[in-house]
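Note sheet for the following structure.
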Amino acid sequence: MLSVDFYQQLEEKIKNFPEFLIEKHILTYPTGNYYFLKIKPKQFGPQDRFLLVRAGVHGEEISGPLTLLKNFYEIAQAATRLKIKLLLYPLGNPSGFEKKQRFSVGNEKGYLMCNDFVRYELENGTLVDDLKDKNIFRHWYWSSDKKIGARLTPETKLMHQLIKDDPLGQIVAVLDLHQDYLTPNVGSAAYHYAFGDLSAYRNIIDQIKKELPLLTETKIAAGENGGLKSDESGFIVRHDGTLPDLFWRLGAKYCVTAETTGQTPLDKAIKINLIWIYGLLTLIKKHESSHLPTT
18 MLSVDFYQQL EEKIKNFPEF LIEKHILTYP TGNYYFLKIK PKQFGPQDRF
68 LLVRAGVHGE EISGPLTLLK NFYEIAQAAT RLKIKLLLYP LGNPSGFEKK
118 QRFSVGNEKG YLMCNDFVRY ELENGTLVDD LKDKNIFRHW YWSSDKKIGA
168 RLTPETKLMH QLIKDDPLGQ IVAVLDLHQD YLTPNVGSAA YHYAFGDLSA
218 YRNIIDQIKK ELPLLTETKI AAGENGGLKS DESGFIVRHD GTLPDLFWRL
268 GAKYCVTAET TGQTPLDKAI KINLIWIYGL LTLIKKHESS HLPTT
């Protein structure tokens, strides 16, 4: 599917929800330009709470974009019913999506990371993008900070600009939708990256287990520099400088990367993504209710 066709189909659905605004941005590559869409509410107040969802940062991982495209009505209605606002980045890598490749055009070999948002300064002054299973550092920076001097792909650079315009203090949950085509010989399964109190996701994990096995107690690298072992619920805690890691540093309560293996049938992968979306909407509502002032 061409990225313009994806966007056209999605825009047709969004037209039924006048409360949403579609921002169109241009990504420029040596071989041409691509649209990059951001979907946000036309209006919101200081008390509104947000779920941010990004999909398709790796171009071959199509289940995330298709989850949002095929189920936009239901997702928007669920958010409206719970009075939660949505911020959607439905196609994080439009050129990779169109070319059916992991990285964007001009970066086919992945010399530049496409999910690059944080640099950590260690106690000895060294800058790293991945703390692995540690959480010890002196300071963190946006990787787009001029003092860092990082080279970013066009889509990553644009994401930095756009999310800085988002109401960062009102984003309670962030979900990054992925598929793992890199870990071999694991069959159909789901696993997840997250931070903080992982027991908060117990109901979500129980629902996932009804649909798909969890990839537990398994060493997973999936493009990272060295693997970490998933726990008994399929969770990996890794401060790896990605978008959810950035939002964890910014104070969002629920920051998740949802993964299904490449061997997972597409319809099952989409179902797992929806479990995460609806589950996080529910968690945001519960969090909001628990923070209401008492009289």
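In terms of the numbering used here, the sequence shown opens at residue 18 and continues consecutively. Ideal Cβ positions, reconstructed from N, Cα and C, are used throughout, including at glycine.
Backbone secondary structure at Tyr198 - three-state DSSP: coil
Give me, in chain order, the residues of the same chain whose beta-carbon lies closer than 6 Å to that of Tyr208; leave out the 5 immediate sequence neighbours on both sides. Leu232, Ser247, Gly251 and Glu276
Contact defined as beta carbons within less than 8 Å: I believe Arg71 pairs with Gly109. What is the distance between those atoms, to the nearest angstrom? 5 Å
How far does the beta strand (DSSP E) with Glu276 in it extend, from its first residue to its last? Taken as a continuous stretch (DSSP letters only), the beta strand (DSSP E) holding Glu276 covers Tyr271 to Thr278.
Validate contact between the region 257 to 264 and the region 142 to 152 using beta carbons, cut 8 Å, 3 pairs: The region 257 to 264 makes contact with the region 142 to 152; the number of CB pairs closer than 8 Å reaches 3 or more.
Return the first residue and the last residue of the beta strand (DSSP E) that Ile96 is part of. The displayed chain sequence assigns Ala, not Ile, to residue 96. That residue, Ala96, is in no beta strand (DSSP E); its alpha helix (DSSP H) goes Phe89 to Arg98.
Please report the straight-line C-alpha distance between Gly240 and Ile101, rounded to a whole angstrom. Straight-line Cα distance between these residues: approximately 33 Å.
Using the beta-carbon count (16 or more within 10 Å), is Gly81 buried or exposed? buried
Between the beta-carbon of Leu99 and the beta-carbon of Lys302, is there less than 8 Å? yes
Is it right to say Asp162 is buried, meaning 16 or more other beta carbons lie within 10 angstroms of its own, or is it exposed? Answer is exposed; the Cβ neighbour count stays below 16.
Can you check which of these residues, Thr48, Ile237, Leu169 and Asn290, is closest to Ile79 by C-alpha distance? Asn290
Got a sec? Which residues, its chain only, sit under 8 Å from Gln25 by beta carbon, not counting five neighbours each side? none
Gly113: first and last residue of the uninterrupted beta strand (DSSP E) it sits in: From DSSP, Gly113 is part of no beta strand (DSSP E) but of the alpha helix (DSSP H) over Pro111 to Lys116.
Identify whether Val21 lies in helix, strand or coil by the three-state DSSP scheme. helix
If contacts are defined as beta-carbon pairs under 8 Å, then His313 and His75 qualify, I think. What distance do you get, rounded to the angstrom? Given that the chain is displayed from residue 18 to residue 312, the structure contains no residue 313 and the question cannot be resolved.
Does the beta-carbon of Asn152 have 16 or more other beta-carbons within 10 angstroms, so that it is buried, or is it exposed? In summary, Asn152 is exposed, with fewer than 16 beta-carbon neighbours lying within 10 Å of its beta-carbon over all protein chains present.
Express the C-alpha separation of Thr281 and Val191 in angstroms, rounding to a whole number. 23 Å
Using the three-state DSSP reduction, which class does Glu234 fall into: helix, strand or coil? Shown here, Glu234 sits in coil according to DSSP, grouped into three states, outside any helix or strand.
Who are Ala72's beta bridge partners in DSSP? Leu194
For the alpha helix (DSSP H) that Asn50 lies in, which residues bound it at each end? Segment Gly49 to Pro58 is the beta strand (DSSP E) holding Asn50; no alpha helix (DSSP H) there.
Using the Cβ count rule (16 or more neighbours within 10 Å means buried), how would you classify Asn132? buried
Who are the Cβ neighbours of Gly204 in its own chain at under 8 Å, not counting the five residues just before and after it? Pro230, Thr278 and Gln280
State yes or no: is the C-beta of Ala96 within less than 8 Å of the C-beta of Leu103? yes
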